[in-house]
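Q: Residues in the sequence shown are numbered from 1 upward in steps of one, following the UniProt record's numbering. No residue lacks a Cβ here, since even glycine has one placed at the ideal position from N, Cα and C. Below is the structure I would like to discuss, written out as structure tokens.
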Amino acid sequence: MNAKRWIALGIAVFLLVGSTVISGLINFSKVKFSDAMVQVMGEESSLERTTVQEGKETSQIAVLKVDGAIQDTGEASAFTGSKGYNHKQFLKQLDDVKKDTTVKGVVLYVNSPGGGVVESKQIYEKIKDIQKTRNIPIYTSMGSMAASGGYYISAPTDKIFIDEETLTGSIGVIMQSINYSKLADKYGVKFETIKTGPYKDIMSGSREMTEGDRKILQSMVDDSYQRFLKVVADGRNMPMEKVKKVADGRVYNGSQAVKVGLADEFGYTEDAIAAMKKEKGLTGSKVYEYSTSDSITSLFATKVQSLLGGGSVDAQMVQHILSNAQNGPRLMYMYGEE
């Protein structure tokens, strides 16, 4: 690594630490401000809300958005400028809906290729908990894609709205890693591994996968797949044999999804809201969504990226190192690449 890259890495680390502090101060100030609003207005929610449609405060419909890969990647930092799906924040929104008795219905907007098995299951369980404890309707509005984990979290809802061109389905589990052992051999790179058992480095990219490795991993994938099938069967009130016929990993467009029973009606989010108001006696209800924008953090991120050369190879390399250093192979409900 040349001097320029070392300098860039040093600046990146410094700014990452600084951004974390700034983000923490921003979030702290937001919480304090929200708490003050709760005390003044007497509201139950401590999360910032944006009104979509005016209506009765005592009867509200919450629009919750899952936009992006369903992965717990942590809070967005001023260095990375990440604005995608925030798993921890979304779980807080679900908790907020559960405790707020003025919320009489939920429209779940899903625009996602899926994501982690654990994260998808966490959302699913909270949705089921809201249905059980609050007994309120939950409709899904699918965006351009609601595949794999995106479908997993949609399945338990009361009704699914979809566009004819939406990509959905991809019901299944995948686990991948990169085998670079032959590439290493070509360049004379040798890996020395000290381990306590034959499977301690299972799925390591430094060696070929054995049949024993494959058997263990396949059993894990199959186990998660069975849970996925049950989620769909229960949520869609569909016989298991029928679920298995449509759950071979393929994707469907919206028209096909409706035909095979994976979705109910064609429409967008506004159609789902209108249908809920009409069908569930919620005419006149206020409709809101949760605010997620952070203009100060986004502005700082732009400055940092500009300083590091924007889309330069050095900037991308540093971001990749900081973002993916701790990642490893894992079970995914995902359509396409991570």
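(1) Report the option in 135, 88 and 124 whose CA atom is closest to the CA atom of residue 100.
(2) Just how far apart, CA to CA, sit residue 245 and residue 257?
(3) If you draw a straight line from the alpha carbon of residue 300 to that of residue 94, how long is it in whole angstroms?
(4) Give the secondary structure of residue 160 by DSSP, where H, G and I count as helix, E and B as strand, and everything else as coil.
(5) Pull up the distance between the alpha-carbon of residue 128 and that of residue 277, whole angstroms please.
(6) Within the continuous beta strand (DSSP E) that includes residue 58, where are the two ends?
(7) Relative to the C-alpha of residue 60, which candidate in 282, 334, 291 and 329 has its C-alpha closest?
(8) Less than 8 Å between the beta carbons of residue 105 and residue 137, yes or no?
(9) Exposed or buried, what is residue 228 when buried is set at 16 or more other beta-carbons lying within 10 Å of its beta-carbon?
(10) Using the rule of at least 16 other Cβ atoms within 10 Å of the residue's Cβ for burial, across every protein chain shown, is residue 204 buried or exposed?
(11) Spatial neighbours of residue 41 within its chain, please: CB distance less than 6 Å, with the 5 preceding and 5 following residues excluded, ordered by chain position.
(12) Restricting to Cα atoms, I'd like to know which of 73, 54 and 90 is closest to residue 291.
(13) Should residue 119 be labelled buried (16 or more other beta-carbon atoms within 10 Å of its own) or exposed?
(14) Can the beta-carbon of residue 154 be found less than 8 Å from the beta-carbon of residue 108?
(15) Where residue 251 and residue 232 are concerned, what is the direct C-alpha to C-alpha distance, given to the nearest angstrom?
(16) Using DSSP bridges, identify the partner residues of residue 174.
A: To lay it out plainly:
(1) 135
(2) 13 Å
(3) Low confidence applies here, because residue 300 scores a pLDDT of 48, under 50, leaving its location unreliable; read the following figure in that light. Taking the straight line joining both Cα atoms gives about 29 Å.
(4) strand
(5) 21 Å
(6) Residues 56 to 67.
(7) 282
(8) yes
(9) buried
(10) Buried, because 16 or more other Cβ atoms sit within 10 Å of the Cβ of residue 204.
(11) Residue placement at residue 41 is flagged as unreliable, the pLDDT there being 38, under the threshold of 50; the coordinate-derived value follows with that caveat. If we look at residue 41 and ignore the five residues flanking it on each side, it has no Cβ neighbours.
(12) 90
(13) buried
(14) yes
(15) Taken atom to atom, the span from the alpha-carbon of residue 251 to that of residue 232 is near 15 Å.
(16) 332
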